[in-house]
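Mind the numbering: the sequence shown is residues 9 to 648 in our numbering, read in order.
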Amino acid sequence: MTDPQEITPRTAGELGMDRPISRRDFFDGVAMAAGIAALDAFTGTQPPVEPMGMAPEGVHPAALTGLRGSAPESLGVPHALRDGRFWTHAGSVEPTGEHYDLVVVGAGISGISAAHRWLEQDPRARILILDNHDDVGGHARRNEFRPEGRQGPLVGYGGSPMIEAPSAWTPEGRRLLDGLGVRPERLAATPYPGLGTREGVLCDRESFGRDRLVLTGTDARRWIAELPVAERARMDLLTLHLDPPDWLPGLTPEEKQRRLAHLTYSGFLRDVCGAHPDVLRFVQTMPNDEWGYGSDAFGAIDAWGCGYPGFQGLGLDRSKPSVYNSPSVIRHWDAPRETLLFPEGNQALVRMMVGRMVPGFATSVDPEGVTTARFDYDRLDLPDNRVRVRLSSPVVSVANDGDAASATTATVGYFDGERVRSVRATGVIMACWNMMIPYLVAGLPQEQERALRAAVKVPMLYATVQLRDWRAWRAVGAGRVRFTGAYWSTVELAPRVAVGGYRPPEGPDEPVLAHLVRAPALPGMSPAEGSIAGRRELLGTPYAHLEFSVREQLARLLGPGGFDPVRDIQGITVNRWGHGYAPEYATPWNLDFYPQGPFPAETARRRWGRIAIANSDSVPSAYADAAITAAYRAVLDLRA
């Protein structure tokens, strides 16, 4: 990302930072004052700063632009609880007098799935779902834009983008897909006409001193020859891709796997293969968008399992995974790499479930109609609903009513924006982050509390950008590009999906959405340490600088194709997930208990009286089906 001190009137003006598009700037109390001063100096006006809270009356939450996701208004109360400040100013708790069969803490995929499953087993149950955000879905977030002249919005995702390898989904996940009527043949993405599916790597100035886009493909000799790397690095890459030797001669296959389990991918390339530093720079961001961290933290055994270059000469059996592979690599080993896509990503699943539980919320609850359906958020929390969804209502306390071993009810406190209210329930499912649960539930066994705090989520940043057209993409010849060291690691056109009445862009002159992904975890650390440091840096980054980086990288990538950020960028939404992916167990970082066990998640998810624990942290896995499985397990725990 460009340093705030480097923003000048010329560069910022050329990028369109002074253009009045739809955006919001939030600083979460820790704005970079120097950067804002620099921004004000050339625009002559101060960027608008406005509290968001709930969406304004009549405005669909998905239509809001600027900073979304875990924005300041959704994090204020959780951060105050973490810092020990909340109860000093909260005042006394006021009971609402409401009693429910089930209260669910968290309206993400796991929380909504838990409520949906509970209602399947008890159609007369009364359920309350509480969440600190202003929309349902958690990380499964919908972004939409309304280009002039288009019938209906352009719809994209702001997190949890796809149903990956549905044949490898858990039984619970597949059961939910079947129940919702989700069919693979109806959700396949199609190439952009005249563009195809070509991918590229932009070897950027952050890594190599200058920018150069290289279109990759099956002919490794061709594209490696075009890379702006040292000649030694080019020869090393050719060896890694085309004819790697047995780097570990004399070791048995089991010993080789054990050696790989103690290395990261970068460590393998550097210490075992003796690769040139330019090779390490080139591969650093390869795992970023899927794993949330770079090759210097990604395990070598999983790089082998995912088909990364350099391992072919080891003679390892490719018919089965290693016991040291991470759970998701093992689970997807033989599964077809089929991907299902709603334009809005996996929030479509959430909206279909909510629409089936809350009368009048959605005009369609089927896969073919959910993308173009209308949604009435005023219907979510009506007194007559059997299932009520209460947004912008962060939970602040959950307690069994009496001893956990004998309690028959629990009390849940939440903040409604003015005061703390409480409700009672026969059961509570915590579908929020594991690390947050010890701040909400008092009296947990110390072993369980330690296990809950150990789940350090991986931060992620998604941006959705409305572009005037996609002519520049066709001119540069790629629809998806990985950057090797710039702020955003992946830039791509939105998957082109036609479902029901939703029409994706057809011709290159039509408006289109682009998605950018950043993995904020800092390099040179373990995934957990890098996530903590990266989250801290992310929360201190003003929206103005996130927008600047979006504009700058799109201009660097597409400028040679005639792209003008002032003219061609028509809207930006940045979805900030400081606590994003669930941290999956992986080597070399978890060798003290993985793969032999016992696993912290098993301790963390133990039922505590009338309180059960869902969410993907309790699996742990960052995939949507993991969140569903955790939900079904929590329902079973409470109903046992």
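Just so it is clear, CB atoms sit at the ideal spot from N, CA and C, and this is done for glycine as well. This structure is a prediction, so every number in the text was calculated from the model and none was measured.
Item checked: Of the residues T549, Y301, D342 and G300, the one placed nearest G315, counting alpha carbons only -> With distances taken between Cα atoms, G315 lies closest to D342.
Quick one, are the C-beta atoms of V436 and V406 less than 7 Å apart?
Contact flag set, yes.
Does the separation of the CB atoms of V403 and V101 fall below 7 Å? No, they are not a contact pair.
- Item | Of the listed residues G508, A639, P155 and D625, nearest to V378 (C-alpha basis) | Looking at the Cα atoms, G508 is the closest of the given residues.
- Query: Whole beta strand (DSSP E) runs in the stretch 549-605 with 3 or more residues, listed along the chain?
  - Reply: Runs found: 577-589.
Q | Element boundaries [beta strand (DSSP E), containing Q320] | A | Counting along the chain, Q320 sits inside no beta strand (DSSP E), nor does DSSP assign it H or E at all.
Discussion item. Let me see if you follow: with CB-CB separation under 7 Å, is T224 close to chain D or not?
Written reply: No chain D is part of this structure, which consists of one protein chain only.
Review point. CA-CA distance, T595 and G187?
Key: Across the structure, T595 and G187 are spaced so that their CA atoms are roughly 36 Å apart.
*Among residues of its own chain, excluding the 5 on either side of G99, which ones have a beta-carbon nearer than 8 Å to its beta-carbon?*
So the qualifying residues of the chain are R427 and V428.
Looking at I580 and E555, is the spacing between their C-beta atoms short of 7 Å?
Contact annotation: E555 and I580 have beta-carbon atoms nearer than 7 Å.
Worksheet entry | the stretch 114-129 touching the stretch 639-646, judged by at least three CB pairs closer than 8 Å | In this structure the stretch 114-129 lies against the stretch 639-646, because at least three pairs of beta carbons, one per stretch, are closer than 8 Å.
Worksheet item: Quick one: Cα of V85 to Cα of R398, how far?
Response: Using only the alpha carbons, I get a separation of about 16 Å.
**Asked** Can you name, in chain order, every residue of its own chain whose Cβ lies under 7 Å from the Cβ of D254, other than the five neighbours on each side?
**Response** Answer for D254: G321, L322 and G323, listed in chain order.
Next item on the list: Put D310 into one of helix, strand or coil per three-state DSSP.
Entry: Here DSSP, grouped into helix, strand and coil, assigns D310 to helix.
Practice task
Report the rounded CA-to-CA distance for A620 versus R90, giving the unit in angstroms.
Solution key: Distance between the alpha carbons of A620 and R90 is about 21 Å.
| said: Suppose contacts are defined by Cβ-Cβ distances below 7 Å. Is F369 in contact with D384 by that definition? | reply: Taking 7 Å as the Cβ cut-off, F369 and D384 qualify as a contacting pair.
Exercise. Can you name the start and end residues of the alpha helix (DSSP H) that E298 belongs to?
Worked result: Taken as a continuous stretch (DSSP letters only), the alpha helix (DSSP H) holding E298 covers N296 to W299.
Is the stretch 408-427 touching the stretch 604-623 in the sense that three or more CB pairs, one from each, lie closer than 8 Å?
-> They touch, by the three-pair rule.
- How is the beta strand (DSSP E) around E152 delimited, first residue to last? R150 to F153 is the span of the beta strand (DSSP E), which, as asked, contains E152.
#### Entry: Per-residue burial, W95 [other beta carbons within 10 Å of its own, 16 or more giving buried]
Answer is exposed; the Cβ neighbour count stays below 16.
Considering Cα atoms alone, identify which of G493, P606 and R584 is closest to E81.
For E81, the nearest C-alpha among the options comes from R584.
* To do: Write down the C-beta distance between M533 and A527 rounded to the nearest angstrom, noting that I regard them as a contact closer than 8 Å.
  => Contact between M533 and A527 is absent: CB atoms are separated by about 13 Å, not below the 8 Å threshold.
Check whether the stretch 285-295 and the stretch 238-249 are in contact - that is, three or more C-beta pairs closer than 8 Å.
With contact defined as three or more Cβ pairs closer than 8 Å, the stretch 285-295 and the stretch 238-249 are in contact.
- Cβ neighbours of H336 in the same chain (closer than 7 Å, five flanking residues each side left out): The sequence given here has Ser at residue 336, not His. Closer than 7 Å at Cβ, skipping near neighbours: E592, S629 and Y631.
Notebook entry, point to check: Roughly how many angstroms separate the alpha carbons of Y273 and T498, rounded to a whole number?
Noted result: Looking at the two C-alpha atoms, the distance is approximately 19 Å.
Tell me, which residues are paired with S405 by DSSP?
-> Answer by DSSP bridge pairing, in chain order: G421.
Note to self: Going by DSSP, what residue range makes up the alpha helix (DSSP H) through E106?
What the structure shows: Per DSSP, E106 belongs to no alpha helix (DSSP H); it is in the beta strand (DSSP E), V101 to V113.
Practice problem: Starting from the Cα of P573, find the closest Cα among Q474, L195 and S121 and give me that residue. | Solution: That would be Q474, whose Cα lies nearest to the Cα of P573.
Requested in this report: Mind checking which residues open and close the beta strand (DSSP E) that includes Y447?
Outcome: For Y447, there is no enclosing beta strand (DSSP E); the enclosing alpha helix (DSSP H) has its first and last residue at I445 to L448.
Do the CB positions of P351 and V582 come within less than 7 Å of each other? 7 Å or more divides the Cβ of P351 from the Cβ of V582.
**Asked** Just how far apart, CA to CA, sit A196 and L348?
**Response** A196 and L348 have their alpha carbons spaced roughly 6 Å apart.
- Query: According to the Cβ coordinates, are W312 and D633 closer than 7 Å?
  - Reply: Cβ atoms of W312 and D633: not closer than 7 Å.
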